[in-house]
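Have a look at the structure below before the remarks.
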Amino acid sequence: MKSIGSYIGSFILSVLLIFALIASLAVTVANIFSKPDNIVSLTEQKNISSIVYSELEKYFTSRQNDTGIPADVYMTAIDDELIDYVMYMEINDGFSCLKNGTQSDNSFIIKNDSVDKALSDFYSNYAESIGYEKDAKYDEKLSEAQKNAEKVIADYCDVFKFDAMISHGIMKKLSPFYNKLPTVQLFVYGATVMLMLLMILANIKSTSATLYWIGICSLISGIICAVPCIYLKATDYFSSFTIKQPQIYTAYTSVMTSATDTLLKYSVILASISIIFIIGYVLTVKNQGRNKGE
Amino acid sequence: MNKKSLILHLATPFLLASVCIGILAVAMIKPADKLKVFVNIAFMDSLKSNPTDNNSGLVIRDNDIIRDYSGKTSSEGDVIRPAFAEMYAVLSCDAMGIDIPVYWGSNAELLEHGACQSSSSAIVGTKGNAVISAHVDTYFADLDKLKEGDAVTINTNYGQFTYSVRSLIEFSGSDRKYITPKDDTRLTIYTCKKDLLGASSQRIGVICDLKESLFYEEVQK
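Protein sequences, first through last, are from chains C and P. The working numbering numbers the first residue of the first sequence as 1 and each following residue consecutively. The working numbering numbers the first residue of the second sequence as 1001 and each following residue consecutively.
Next up, the structure:
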């Protein structure tokens, strides 16, 4: 640090660079979790379809005395493949609404022949066993049961409750932020690179000083991001998530935990890179000292 | 590197970190204040459990109900108010051939265990409309066999209450005229009307008049 002027200049640039690096980490993580494919992949990793299956089984079992339809009728027709498909469609529909800021266009219809057929067979056998004439009321009841089954399956597979968020207008409010994310990401990355270049320019006469300032900036921003993540993990903070419906709880806590893990991972990488800069700085200073001695 | 420069090099990261954390803390005051409400709603320490743990969900309490009380009784007394999902009575009816537990409160899980009394209705033994329902496929399968004059008895741990069927009723599921509070003392029991599978939109039931109240004096003491 040759002069106080250069020191103060580098200090101010460092403060800005630290915030730019923190913002870069944040937008990188936000970008990862704003892609429907990553969310779908996370639900697959956490095997949420099996949780949904068991919750559907519980629901249909609890309703069988009310509806007279044994849970088996539904459950033999529902499999992980169907649940995965409906979950995939629900997530994509949710993100599509987030992107377009519109209401769900319900472009996908959960039409599953196996569930419809299972119900149709059951109704038919039951009607025959009690001698019930298959009249208009019969068709109405059957159609009602099929629609209800589709609605229940869709509702249980909507593990992020996108439908509720869409109907409450939350997606519309979030849409502008979501759509601005790529621009913000570009801006933040650009600002970070720009600040690094300015730092190099501010210390053009001393490579070691550049390494020093960039090194400590990376270290501090890495630590600032890592500390809250470590706190969240150490206190098992997300386990106190209020919604205790197993599939919703697992979906949300998985995303939150995964986002925390990703941020922590990048923070540690950034802090590790800073060590390289600092080692580089120490070596350069030593070299300079040796050269002066010679 | 001289000593002064070394101290500056070592102090700078701490100084820089302090400045950044300070700026961050000041900048976060307003957003954190706004977020606090949402975070407090979304994450409650008292709910720190995984829903797959056995300690989450509805706690249903089954009690032993006094059926063979032989002590002194009186026509007036106090009731013992149960907790939600607590079995607090047994409903018996010879005409239906049933002797079933009654839970305080009503939801799908409780309806699997017995009859449920709406917690917004009058508790048995007090003035008003006590409303009890159960599934037509299980506990109240023979409710439609009840006739005027049939006896319905409710045993609780504070007394025995005998009712007589006054009238048979049929109403729509959305019609609340029979299950809302009333000025007289009555018992309304109802279930879904039997239909071809699926929840029926019609309800059938009976309205009963209180014939005898026997509060257990020893319990009252």
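Yeah, the Cβ is synthetic: ideal placement off N, Cα and C, and Gly gets one too.
Check                                                                                                                         : Outcome
Whole-angstrom C-beta distance between VAL188 (chain C) and SER24 (chain C), which should lie under 8 Å                       : 5 Å
Against chain P: residues of the segment 66 to 78 of chain C by CB proximity under 9 Å                                        : ASP66, THR67, GLY68, ILE69
Chain P contacts from the segment 154 to 188 of chain C (Cβ-Cβ distance under 8 Å)                                            : none
LEU211 (chain C) burial status per 10 Å Cβ neighbour count (16 or more: buried)                                               : buried
Backbone secondary structure at PRO1082 (chain P) - three-state DSSP                                                          : coil
Endpoints, beta strand (DSSP E) assigned at SER1118 (chain P)                                                                 : Segment: none, SER1118 (chain P) is in no beta strand (DSSP E) and carries neither H nor E.
Beta carbon of SER218 (chain C) nearer than 9 Å to that of ILE273 (chain C)                                                   : yes
Local conformation of ASP1183 (chain P) per DSSP, three classes                                                               : coil
At least 3 beta-carbon pairs within less than 8 Å: the segment 1175 to 1192 of chain P vs the segment 1202 to 1211 of chain P : yes
9 Å Cβ cutoff, ARG290 (chain C) in contact with chain P                                                                       : no
Closest residue to VAL255 (chain C) among C:ILE83, C:THR43, C:SER129, C:GLY289 (Cα-Cα distance)                               : C:THR43
Near-chain C residues of the segment 1118 to 1138 of chain P - C-beta to any C-beta below 8 Å                                 : HIS1135, ASP1137, THR1138
Touch test, the segment 20 to 36 of chain C against the segment 134 to 143 of chain C, Cβ-Cβ under 8 Å, three pairs minimum   : no
GLN146 (chain C), DSSP secondary structure in three states                                                                    : helix
Simplified DSSP assignment, three categories, for SER1233 (chain P)                                                           : As displayed, chain P neither begins before 1001 nor continues past 1221, which places residue 1233 (chain P) out of reach and without an answer.
Residue span of the beta strand (DSSP E) that contains GLY1205 (chain P), given as start and end                              : 1202 to 1216
Secondary structure of THR1153 (chain P), DSSP reduced to three states                                                        : strand
Cβ neighbour criterion (16 or more within 10 Å) applied to GLN247 (chain C)                                                   : buried
Short CB-CB distance (under 9 Å) between ILE1204 (chain P) and chain C                                                        : no
Proximal chain C residues relative to VAL1019 (chain P), where beta-carbon distance stays under 7 Å                           : VAL15
Spatially closest choice to TRP213 (chain C) from C:PHE11, C:LEU174, C:SER175, by CA coordinates                              : C:PHE11
Minimum Cβ-Cβ distance from SER6 (chain C) to chain D less than 9 Å                                                           : You won't find chain D in this structure, because its protein chains are C and P.
CB of ASP267 (chain C) within 9 Å of CB of ALA226 (chain C), strictly                                                         : Correcting the residue type first, residue 267 (chain C) is Ser in the shown sequence and not Asp. Yes, Cβ-Cβ distance for SER267 (chain C) and ALA226 (chain C) is below 9 Å.
Chain C within 9 Å of GLU1170 (chain P), Cβ atoms only                                                                        : no
For ARG1176 (chain P) and ALA1085 (chain P), the rounded distance between their alpha carbons                                 : 23 Å
Within chain P, partners of SER237 (chain C) - CB distance below 8 Å                                                          : Strictly speaking, residue 237 (chain C) in this sequence is Tyr, with Ser absent from that position. What TYR237 (chain C) touches in chain P: PHE1043.
Rounded Cβ spacing between TRP1104 (chain P) and ALA1134 (chain P) (contact assumed at less than 8 Å)                         : With 8 Å as the limit, TRP1104 (chain P) and ALA1134 (chain P) do not qualify as a contact, their Cβ atoms being about 14 Å apart.
Min CB distance LEU198 (chain C) to chain P below 9 Å                                                                         : no
Counterpart residues of ASP946 (chain P) in DSSP-defined beta bridges                                                         : The displayed coordinates of chain P run from 1001 to 1221. Any statement about residue 946 (chain P) would go beyond what the structure contains.
Three-way DSSP call (helix, strand, coil) for ILE1189 (chain P) in this model                                                 : strand
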